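Novice: Chains as they are written, first to last, in the working numbering: chain A, 10 to 221; chain B, 10 to 221.
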DNA sequence: AAACAAATTAACCGTTTGGTTAATACAAAA
DNA sequence: TTTTGTATTAACCAAACGGTTAATTTGTTT
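(1) With a threshold of 16 other CB atoms inside 10 Å of the CB of residue 205(A), please say whether the residue is buried or exposed.
(2) Which partner residues does residue 219(A) have in the DSSP bridge list?
(3) Expressed to the nearest angstrom, what Euclidean distance is found between the alpha-carbon atoms of residue 167(A) and residue 144(B)?
(4) Rounded to whole angstroms, what's the CA-CA distance from residue 237(B) to residue 159(B)? Just pull it up for me.
(5) At 7 Å on the CB atoms, spell out the chain B contacts of residue 146(A), in chain order.
(6) What in chain B is Cβ-close to residue 41(A), meaning under 9 Å?
(7) Between residue 62(B) and residue 105(B), what straight-line distance do the alpha-carbon atoms span, to the nearest angstrom?
(8) Leaving aside the five residues before and after residue 153(B) along the sequence, list all residues of the same chain whose C-beta is less than 7 Å from its C-beta, in chain order.
(9) Against chain B, does residue 187(A) count as a neighbour if the rule is that its beta carbon must be under 8 Å from one of theirs?
(10) Would you report the Cα separation of residue 10(B) and residue 38(B), rounded to the nearest angstrom?
(11) Strictly below 8 Å CB to CB, what residues from chain B border residue 205(A)?
(12) With 8 Å set as the bound, which would you pick, yes or no: does the beta-carbon of residue 97(B) sit closer than that to a beta-carbon of chain A?
(13) Could you tell me which of 116(A), 75(A), 27(A) sits nearest to residue 87(A), measuring between CA atoms?
(14) Under three-state DSSP, which class holds residue 57(A)?
(15) Quick one: is residue 37(A) near chain B, going by C-beta distance under 8 Å?
(16) Buried or exposed: which applies to residue 220(B), given that a residue is buried once 16 or more other Cβ atoms fall within 10 Å of its Cβ?
(17) Checking 8 Å against the spacing of the C-beta atoms, do residue 184(A) and residue 124(B) come in under that value?
(18) Near residue 181(B), which residues of its chain fall below 7 Å by C-beta distance, leaving aside the five closest residues on each side in sequence?
(19) Could you give the first and the last residue of the continuous alpha helix (DSSP H) run that contains residue 47(A)?
(20) Comparing C-alpha positions only, which one of 193(B), 176(B), 94(B) sits nearest to residue 147(B)?
(21) For residue 137(B), I'd like the list of residues in its chain whose CB is within less than 8 Å of its CB, leaving aside the five on either flank, ordered along the chain.
(22) Return yes when at least one heavy atom of the ligand PLP lies under 7 Å from the C-beta of residue 34(B), else no.
(23) Chain B beta carbons: is any one of them nearer than 8 Å to that of residue 213(A)?
(24) Apart from the five residues on each side of it in sequence, which residues of its chain come closer than 6 Å, Cβ to Cβ, to residue 5(B)?
(25) Any C-beta of chain A within less than 8 Å: which residues of the segment 55 to 77 of chain B qualify?
(26) Taking the CB atoms as reference points, tell me whether residue 173(B) and residue 213(A) lie closer together than 8 Å.
(27) Does DSSP put residue 52(A) in a helix, a strand or coil?
(28) So which residues on chain A does residue 117(B) lean against when the C-beta distance must stay under 7 Å?
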């Protein structure tokens with residue numbers, strides 16, 4: 010499966026200026042955030058004159074906004090796809106955890122980027138959600154309710170369960186530096202730890218909710 | 010229990026200039042991050058001339074560093090205290106989840122602040138950990154190993170379990186704006202949701218690991 | 001090849017930034 | 001009261017910032 014979230018955003022050739030700016034800006038914004046990023050650094054990263062950033066994107070905030078919006082939408086589109094898989098609930102959980110962990114592992118900047126920027130400016134997501142209602146989580150919630158009424162899993166608030174599953178996946182990615190320090194992981198140890206989680210998280214969740 | 014992480018940092022009177030700068034800086038840095046914060050805004054918040062910030066703390070980075078270090082240490086000191094409670098494992102989990110959730114709820118800026126700033130500069134924590142080895146999590150890991158060998162809980166990697174428990178607590182706090190948007194919470198709905206979690210997370214975890 | 005529009009650049013601009021300084025107010029010691 | 005060290009301020013500064021502009025190159029159309 011192609012897990013790279015950003016293949017060719019603007020459907021333009023690799024040498025296209027706008028595309029190069031976009032990718033350079035993404036890289037810098039991901040690493041340094043809106044306030045920490047410098048327009049000059051983005052221009053240098055793209056190998057292009059700084060004036061071009063404004064020529065194509067008007068302002069720093071507009072440039073940032075278009076990147077944030079695409080990242081956010083793409084990230085939740087992927088989540089929605091996984092969540093909508095046509096599988097029985099327990100298998101879907103296994104499927105989701107494994108693929109979602111791999112997704113955020115291969116785009117490990119994204120979750121911290123989104124959480125961090127939303128924390129500094131919570132308004133930004135509201136405009137994005139207003140445009141296009143992402144209601145895939147409703148499917149998952151219905152799955153859960155059905156499984157409860159069928160006696161497949163114990164009664165549990167579907168919202169709590171969803172937050173549990175997603176949190177178990179995202180947290181160790183977002184908190185990587187702390188985990189590595191506190192649990193004495195080197196890069197390989199950390200990778201193994203996450204690899205283990207692909208099975209462990211599903212096991213952990215299913216163990217908790219399954220009725221024999 | 011006094012859950013406010015920052016009662017009187019420098020053990021000085023409320024009107025003390027250094028203390029006022031410190032608290033003003035904390036407030037601004039928490040809300041806007043290192044790069045987004047302005048020295049002038051901190052000075053205004055403290056009701057004090059900007060030159061005083063440099064008089065007491067030399068530079069923006071030093072001021073930020075001292076706040077970050079104190080927040081970080083205090084936060085993990087609290088975590089260590091909870092984790093070291095003298096209780097049987099399953100009761101300790103209940104105790105921990107309830108109190109840890111209350112702690113981060115009452116200091117809700119801290120987790121996102123720490124995660125966000127570490128993401129932008131992972132080096133910063135290393136110096137803090139070098140000073141003072143925080144090894145309270147070892148106690149918890151031993152508890153888990155013992156409980157496994159006694160047949161109280163199923164076999165599970167203690168590190169995975171710890172990350173699960175902490176992640177289940179922290180994630181919904183850090184991701185509050187997204188949760189509120191996606192799950193249609195208003196402020197009260199969100200608070201209820203977290204209040205429910207104080208019992209639900211412990212139930213979820215214990216259900217998953219307990220052997221009848 | 002002439003004309004025109006789009007893309008690109010170097011140089012520039014006003015503002016804001018973290019930080020400094022020199023002068024002053026304050027308080028305790030002499 | 002004079003002295004002395006500390007606390008505080010207004011004014012200032014150089015550098016860095018996001019953004020603009022005017023001129024030039026490039027590519028396309030006629």
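Quick reminder that beta carbons are idealized off the backbone N, C-alpha and C, glycines included. In this text the structure is predicted, and so the values were computed from the model without any measurement.
Specialist: So, from the listed chains and residues:
(1) By one-based count along the first chain, residue 205(A) stands at place 196. Residue 205(A) should be labelled exposed.
(2) In the first chain, counting from the first residue as 1, residue 219(A) sits at position 210. Its beta-bridge partners are 162(A).
(3) Start at 1 with the first residue of the first chain, and residue 167(A) comes out as number 158. Start at 1 with the first residue of the second chain, and residue 144(B) comes out as number 135. For residue 167(A) and residue 144(B), the distance between alpha carbons rounds to 36 Å.
(4) Any property of residue 237(B) remains undetermined from this structure, which presents chain B solely from 10 to 221.
(5) Against the first chain, residue 146(A) aligns to sequence position 137. What residue 146(A) touches in chain B: 191.
(6) In the first chain, residue 41(A) corresponds to position 32, counting from 1. Correct list: 44, 129.
(7) On the second chain, position 53 is the one that residue 62(B) refers to. On the second chain, position 96 is the one that residue 105(B) refers to. If I take the Cα positions, the gap works out to 38 Å.
(8) For the purposes of this step, residue 153(B) is identified with residue 144 of the second chain, where counting begins at 1. The answer, listed in chain order, is 98, 167, 170.
(9) Reading the first chain from its first residue, position 178 is the one you call residue 187(A). At least one chain B Cβ lies under 8 Å of residue 187(A).
(10) Looking up residue 10(B) in the second chain gives position 1. Looking up residue 38(B) in the second chain gives position 29. Bear in mind that the predicted position of residue 10(B) carries a pLDDT of just 46, short of 50, making it unreliable; the figure below should be weighed with that in mind. In a straight line, the C-alpha of residue 10(B) is about 26 Å away from that of residue 38(B).
(11) As a first step, residue 205(A) is located in the first chain; it is residue number 196 there, counting from the start. 166, 169, listed in chain order.
(12) As a working mapping, residue 97(B) is identified with position 88 in the second chain. No, because no Cβ of chain A sits closer than 8 Å to the Cβ of residue 97(B).
(13) Numbered from 1 along the first chain, position 78 holds the residue referred to as residue 87(A). Here the closest residue by C-alpha is 116(A).
(14) Walking along the first chain from the start, residue 57(A) turns up at place 48. In this structure, residue 57(A) counts as coil in the three-state DSSP scheme.
(15) Along the first chain, read from residue 1 onward, the residue named residue 37(A) stands at position 28. The C-beta of residue 37(A) comes no closer than 8 Å to any C-beta of chain B.
(16) On the second chain, position 211 is the one that residue 220(B) refers to. Answer is exposed; the Cβ neighbour count stays below 16.
(17) Position 175 of the first chain, counted from the first residue, corresponds to residue 184(A). Position 115 of the second chain, counted from the first residue, corresponds to residue 124(B). Cβ atoms of residue 184(A) and residue 124(B): closer than 8 Å.
(18) Taking the first residue of the second chain as 1, we reach residue 181(B) at position 172. If we look at residue 181(B) and ignore the five residues flanking it on each side, its Cβ neighbours are 188, 203, 206.
(19) As a first step, residue 47(A) is located in the first chain; it is residue number 38 there, counting from the start. That residue, residue 47(A), is in no alpha helix (DSSP H); it is neither H nor E in DSSP.
(20) Walking along the second chain from the start, residue 147(B) turns up at place 138. Among 193(B), 176(B), 94(B), the Cα nearest to that of residue 147(B) belongs to 94(B).
(21) The residue given as residue 137(B) occupies position 128 in the second chain. 78, 81, 82.
(22) Summarising the ligand content, the structure contains no ligands, and the ligand PLP is consequently not present.
(23) Position 204 of the first chain holds residue 213(A). Chain B, which has a Cβ nearer than 8 Å to the Cβ of residue 213(A), makes this yes.
(24) The first residue shown for chain B is 10 and the last is 221, placing residue 5(B) beyond what the model contains.
(25) Hits within the stretch: zero.
(26) Here the question's residue 173(B) lines up with position 164 in the second chain. Here the question's residue 213(A) lines up with position 204 in the first chain. Yes.
(27) One-based indexing of the first chain puts residue 52(A) at position 43. Residue 52(A) falls in the helix class under three-state DSSP.
(28) Here residue 117(B) refers to the residue found at position 108 when the second chain is read from its first residue. Correct list: empty, because the minimum Cβ distance to chain A is about 10 Å.
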